[in-house]
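For the sequence shown, position 13 matches number 24 in our numbering, and the numbering has no gaps at all.
I have placed the structure first, in the form of C-alpha cells, so that the comments after it can refer back to it.
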Amino acid sequence: MPVFRRPAFVLRHSSSMPSPRFTERNEGFVCLACGRDVPPHPSSSRDHCDRCLTSLHVDVNPGDRMNECGGKLSPIGLQTKGGKTKIAYQCEECGARVFNIVAPDDNAERIAELATMPW
Ligand SMILES: [Zn+2]
Ligand SMILES: [Zn+2]
C-alpha cells in the first residue's frame, strides 16, 4: 500500500531564490551593441536601447525576464497594428521573432529607417 504523502509546496523553490529583477522591471542598462548608458523608460518598461534600438531576448512575456536565451535582438522592421507601433526583432541566438513597443524617446531616425525595411 502506498503511503499517503502531502503535496509539496509548489512555490518553495522559486521563493527560495529571491530576484529583485522580477519586481523592478523598468531598469536602465548599458547597451551591448552601441555601449550607450540607456536610462529607464519615462513611463513604462525599458526593453530596448533608445539609440540603436537593440534589445535582448530575456522576456517570455514583456518584463518577466524569464527567458534563458539572452540572445541579441536586432531590429528588422516595424509593425503597426491597432494604433500601436512595434519594433520587430529577430533573435541572433535562437531565431525567434520578438516585438517591442516603440518608446517615446526612441531615435526617430532609426525608427524611420526601420519603417522602410521589408521583413
Ligand atoms: Zn544601443
Ligand atoms: Zn533567443
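Just so it is clear, CB atoms sit at the ideal spot from N, CA and C, and this is done for glycine as well.
Please report the residue range of the beta strand (DSSP E) in which Leu43 lies.
-> No beta strand (DSSP E) contains Leu43, which DSSP labels as neither H nor E.
Would you please state the rounded distance, in angstroms, between the beta carbons of Asp61 and Val49? I believe it to be under 8 Å.
-> Confirmed, Cβ separation roughly 6 Å.
Which one of Cys63, Glu120, Glu79 and Arg57 has the shortest CA to CA distance from Ser85?
-> Of the listed residues, the one whose Cα sits closest to Ser85 is Cys63.
Can you grab the Cα-Cα spacing for the pair Arg57 / Pro115, in whole Å?
-> Looking at the two C-alpha atoms, the distance is approximately 11 Å.
Close Cβ partners of Arg32 (< 6 Å) along its chain, the five nearest in sequence each way excluded = A caution first: Arg32 carries a pLDDT of 43, below 50, which makes its placement in the model unreliable, though a value can still be read off. The answer, listed in chain order, is Arg76.
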